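Protein chains in written order, with the working numbering: chain A, 61 to 390; chain C, 273 to 612.
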């Protein structure tokens with residue numbers, strides 16, 4: 061279905077490092093992917109995998125000591141990394157919008173909701189008073205909120221309502237890409253479901269693509285069409301969500317999926333032994349090798365490049381193409 | 273059967289004071305009773321969303337706060353009336369593990385400090401050598417390598433490692449009960465399983481009872497024998513983990529279970545209209561607290577609170593949908609708990 065739609069975002073060999081006195085911390089290291097209109101991509105990673113750095117740096121919202129080292133971020137054909145500040149300002153919110161982590165705390169506590177939504181509209185045009193009021197009402201209606209909520213302050217709203225206001229602000233200009241960074245991390249499970257369903261409806265309504273950043277595979281499975289698995293700043297597996305869940309090809313993805321507690325049957329809990337590597341002065345080789353039960357000599361000194369592995373993934377692992385699928389655990 | 277830790281008809285309200293104008297009190301916990309048995313060490317999950325009273329319950333069980341009504345007892349003695357010796361024993365035998373593995377450490381001390389403290393305080397070892405041996409044993413029990421952990425500062429360890437040190441610290445005290453309040457909610461998925469597995473192991477191998485307080489029904493189901501579901505301070509449903517999750521009887525539990533994002537594409541959420549479970553309800557109820565959000569609410573739900581019905585042997589559901597079932601004789605929901 062999405063195959064016929066146009067590509068809206070292409071990220072090529074994107075790398076973001078943090079400058080430190082002891083050397084660069086490679087938070088995002090050579091990430092490549094693309095998004096079509098209406099596509100839902102889930103980026104999953106544990107803390108320190110670089111997922112938030114990537115989400116913010118895509119829009120150049122990263123702060124020093126983070127800096128973009130290389131790559132291209134083509135949004136509707138224009139490279140965001142090459143734009144002037146003015147051009148970039150016009151693209152932000154207009155064509156690519158961020159729903160930040162803990163967005164409910166990102167609202168200004170001393171401004172009415174209406175003013176916070178108008179802020180974005182006014183930064184991108186000069187509508188009449190009536191147009192402005194209509195667009196605020198429309199933005200709130202889209203996320204399932206009553207229009208009279210516009211005259212309230214953030215503290216008068218519940219967590220789920222605040223999160224939806226953040227969604228209304230992000231989508232008020234009909235962007236073609238929405239980056240949502242853990243949009244429901246502080247919410248209870250029923251409210252989380254409501255907010256995610258709302259995000260899905262708004263996204264379909266305006267035909268935007270979504271990048272959902274998170275650490276909960278359950279949430280990504282419920283929402284996304286495509287999933288990218290980040291480990292130590294690298295995209296280790298990328299592909300259709302059904303393929304990745306049913307037949308994970310990277311050992312890390314396999315172990316991550318196996319570590320998820322099930323609601324169907326009780327079983328032995330299995331974590332992944334070891335810890336993610338420190339990203340400072342990362343040694344050559346596969347970053348997962350120290351924790352990987354499949355690791356062999358080549359994994360220690362040669363960083364694997366992404367390659368296509370059936371059924372439909374791109375996987376960065378030396379097991380391929382020698383193997384057709386992930387062998388039984390040694 | 274003898275009761276180890278016991279909560280009897282406990283109510284906790286906050287506020288309600290006010291010098292000039294009386295403010296309404298917030299009922300954080302409303303007439304809750306359950307018992308942890310001494311001779312049947314099990315894992316009991318207390319599950320609930322924010323505002324359900326689960327953290328208030330944890331603080332009451334640890335004696336951090338006093339109840340407004342009711343009794344909290346350990347080994348038959350009320351917490352508020354313990355002698356110094358009894359209190360010391362209680363402090364050693366009931367060990368907490370808290371949510372935030374970052375806040376629990378003093379950043380200026382090496383992690384050895386949190387491990388040697390209880391040994392000194394509770395006089396757990398006769399000599400320094402023996403103390404060191406206990407520490408090494410406890411660390412190995414939770415899957416940490418002593419050589420890679422001892423002598424380090426908290427910032428040199430990951431959240432998962434720190435949380436396992438807290439489990440090791442609890443273990444050192446040779447407790448009877450471990451009360452874990454959201455122990456894995458700030459830990460990454462791949463490490464979560466390891467920490468929960470070590471709690472399970474302590475229960476099985478050392479016979480320690482575990483009270484697992486959480487908002488996450490999936491992990492509650494995985495490690496617990498029994499689950500108590502709280503809604504706004506009251507027990508909505510309680511019983512064996514298997515039944516509560518696979519055949520929930522209370523509409524609130526059903527809503528919770530169906531809202532869990534499962535990593536299974538064959539069980540995807542549907543776009544049905546969901547009740548707004550946050551904030552004040554449109555209509556207040558003198559009866560069931562869930563009435564305003566309940567898809568099954570009936571007239572009777574608004575006037576009287578539903579008693580604890582017992583729809584099957586290992587379950588309690590405070591809901592009038594089960595009014596044909598017998599009412600639980602006592603208010604203690606652990607009467608329906610499944611032993612091991």
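We treat Cβ as the ideally placed atom computed from N, Cα and C, and that holds for glycine.
Predicted model, so just to flag it, every value in this text is computed and none were measured.
Hey, quick one: how far does the beta strand (DSSP E) through residue i stretch, first residue to last?
| i | result |
| --- | --- |
| residue 158/A | 156-159 |
| residue 436/C | No beta strand (DSSP E) holds residue 436/C; the alpha helix (DSSP H) holding it covers 431-444. |
| residue 367/A | 367-369 |
| residue 346/C | 341-346 |
| residue 295/A | 294-300 |
| residue 72/A | 67-78 |
| residue 86/A | 85-96 |
| residue 509/C | 506-512 |
If you reduce the DSSP assignment to three classes, tell me which class residue i lands in.
| i | result |
| --- | --- |
| residue 563/C | helix |
| residue 240/A | strand |
| residue 376/A | coil |
| residue 61/A | Summary for residue 61/A: the model assigns pLDDT 46, below 50, so the residue's position carries little reliability, and this model does not support an answer. |
| residue 486/C | strand |
| residue 324/A | coil |
| residue 494/C | helix |
| residue 165/A | helix |
| residue 581/C | strand |
| residue 280/A | helix |
| residue 388/C | helix |
| residue 214/A | helix |
| residue 286/A | strand |
| residue 467/C | helix |
| residue 380/C | coil |
| residue 371/C | coil |
| residue 342/A | coil |
| residue 285/C | strand |
| residue 364/C | helix |
| residue 358/C | helix |
| residue 517/C | helix |
| residue 110/A | coil |
Would you kindly report the start and end of the unbroken alpha helix (DSSP H) that includes residue i?
| i | result |
| --- | --- |
| residue 131/A | Here residue 131/A belongs to no alpha helix (DSSP H); instead the beta strand (DSSP E) covers 126-135. |
| residue 330/C | 326-333 |
| residue 530/C | 523-531 |
| residue 306/C | No alpha helix (DSSP H) holds residue 306/C; the beta strand (DSSP E) holding it covers 298-309. |
| residue 175/A | 173-182 |
| residue 147/A | 145-151 |
| residue 265/A | 249-266 |
| residue 408/C | 400-413 |
| residue 596/C | That residue, residue 596/C, is in no alpha helix (DSSP H); it is neither H nor E in DSSP. |
For residue i, which residues in the same chain have their Cβ closer than 6 Å to its Cβ, ignoring the five residues on either side in sequence?
| i | result |
| --- | --- |
| residue 263/A | 270 |
| residue 288/C | 297 |
| residue 459/C | 431, 432, 435 |
| residue 569/C | 563 |
| residue 613/C | An answer regarding residue 613/C cannot be provided, because it is not within the stretch 273 to 612 covered by chain C. |
| residue 375/A | 297, 309, 310, 369 |
| residue 483/C | 316, 451 |
Which residues in the same chain as residue i place their Cβ atom closer than 7 Å to its Cβ, once the five residues preceding and following it in sequence are excluded?
| i | result |
| --- | --- |
| residue 176/A | 167, 168, 229 |
| residue 215/A | 169 |
| residue 227/A | 159, 203, 258, 259, 262 |
| residue 330/C | 451, 453, 485 |
Name the chain A residues that come within less than 8 Å of residue i, Cβ to Cβ?
| i | result |
| --- | --- |
| residue 321/C | 248, 249, 250 |
| residue 493/C | 321, 323, 326 |
| residue 525/C | None at all; the shortest Cβ gap to chain A is about 11 Å. |
Using C-beta distances below 8 Å, list every residue in its chain close to residue i, excluding the 5 sequence neighbours before and after it, in chain order.
| i | result |
| --- | --- |
| residue 98/A | 62, 65, 263, 264, 267, 268, 269 |
| residue 508/C | 501, 502, 522, 524, 525, 562, 589, 590, 591 |
| residue 374/C | 426, 431, 434, 458 |
Given that residue i touches chain C, what residues does it touch there, using C-beta distances under 7 Å?
| i | result |
| --- | --- |
| residue 106/A | 460, 461, 462 |
Kindly examine the ligand SAM and report whether one of its heavy atoms sits closer than 7 Å to the Cβ of residue i.
| i | result |
| --- | --- |
| residue 355/A | Ligands in the displayed structure: none, and consequently the ligand SAM is not present. |
List, in chain order, every chain A residue whose beta-carbon is nearer than 7 Å to that of residue i.
| i | result |
| --- | --- |
| residue 407/C | The contacting residues do not exist; residue 407/C stays about 21 Å from chain A at best. |
| residue 480/C | Correct list: empty, because the minimum Cβ distance to chain A is about 17 Å. |
| residue 343/C | Within chain A, no residue comes near residue 343/C; the closest Cβ sits about 31 Å away, beyond 7 Å. |
Whose Cβ in chain C lies nearer than 9 Å to the Cβ of residue i?
| i | result |
| --- | --- |
| residue 275/A | 460, 461 |
Starting from the beta carbon of residue i, find every residue of chain C whose beta carbon is closer than 8 Å, and list them in chain order.
| i | result |
| --- | --- |
| residue 316/A | 461, 462 |
List the residues of chain A whose Cβ lies closer than 9 Å to the Cβ of residue i, in chain order.
| i | result |
| --- | --- |
| residue 537/C | 281, 282, 301, 302, 305, 306 |
| residue 531/C | 248, 249, 250, 251, 252, 253, 254 |
- When Cβ atoms are compared, which residues of the region 326-344 of chain A fall closer than 7 Å to chain C? 326, 329, 330, 331, 332, 335
- Query: When Cβ atoms are compared, which residues of the region 558-573 of chain C fall closer than 8 Å to chain A?
  - Reply: none
- Taking a cut of 7 Å between CB atoms, which residues from the region 274-288 of chain C lie near chain A? none
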